[in-house]
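Residue numbers (the working numbering): 448 to 753.
Virtual Cβ for every residue (Gly too), placed ideally from N, Cα, C.
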Ligand SMILES: [Zn+2]
């Protein structure tokens, strides 16, 4: 009888435990809440986000380069414009081809030279405004096709005029690849720090329009190599001959090149564009620097010197 009495005493406790535990165990699978939350989170994986790539690329910069300083130049003025502009333009895509606002119906001569020959590009609608921003013959440059058919991807893909994409592809194929061989490896991914972006020069609102606003420029910090290394063009500790060769080749191909020592805004990346100036004037301002704190010793004075 004692045993029965104990059973009756224990039963309510067991029952309560069973109820509570059973209810908890059901919660994760039966509750509708966690699932929608999860699916709403990974916006970046949503292919419908494509049009806002330039703005996403800016937002993702610090993640891509944890060592890099917190995005100093990115936080000010210019980032409002590109998102809506590209979003609107891309929404026009599914419309029938009769009046696709500004979208070239035929590939341009440049696109015919570039597409699937030296680069993977996707034609984009023309960019127009706000203000003086805008460009025609715009493409999304996703990768450069090497002569051996291997690819150097742009990360993230860059939005630029086709002629700028062509110049960049030729530079990678004909110059950069040979130069990274000095480091014992091949280029795999070119770091796109900024491409199309409607902003004033150096992000100063009201300043003369930047070539970025004309889709005629790209900022690059360096290149990821096949051996896993990241070769930063502005890393003072990186082989000086390599950096000098990169500087020379970029300055030969692009009409404006800004790097460390140019204006204080390009200490950690290289700006290159195809701005046209009167008389074909070119600007190449990039000091290849020695490691910080290391002052080069003066050369020994030759005996026969006066
Ligand atoms: Zn730039």
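{"Item": "Is residue 715 a contact residue of ligand 1, with contact defined as CB to any heavy atom under 7 Å?", "Value": "no"}
{"Item": "CB residue 640 to CB residue 667, shorter than 8 Å?", "Value": "yes"}
{"Item": "Closest to residue 643 by C-alpha separation, out of 637, 587 and 684, would be which residue?", "Value": "587"}
{"Item": "With H, G and I counted as helix, E and B as strand and the rest as coil, what does DSSP make of residue 713?", "Value": "coil"}
{"Item": "Determine the closest residue to residue 553 out of 576, 580 and 584, with distance taken between C-alpha atoms.", "Value": "584"}
{"Item": "Determine the direct distance from the alpha carbon of residue 600 to that of residue 698, and round the result to whole angstroms.", "Value": "22 Å"}
{"Item": "Going by the beta-carbon positions, is the gap between residue 566 and residue 616 smaller than 8 Å?", "Value": "yes"}
{"Item": "So, helix, strand or coil for residue 584, using DSSP?", "Value": "coil"}
{"Item": "Is residue 662 helix, strand or coil by DSSP?", "Value": "coil"}
{"Item": "Tell me whether residue 666 counts as near ligand 1, meaning its Cβ is closer than 7 Å to at least one heavy atom of that ligand.", "Value": "yes"}
{"Item": "In or out: residue 638 buried (at least 16 other Cβ within 10 Å) or exposed?", "Value": "buried"}
{"Item": "According to DSSP, which residues form a beta bridge with residue 736?", "Value": "Residue 736 is not bridged to any residue."}
{"Item": "With DSSP run on the structure shown, which of helix, strand or coil describes residue 425?", "Value": "This structure leaves residue 425 out entirely; the chain is present only between 448 and 753."}
{"Item": "Can you confirm whether the region 656-663 touches the region 678-697 when touching is taken to mean that 3 or more C-beta pairs between the two stretches lie within less than 8 Å?", "Value": "no"}
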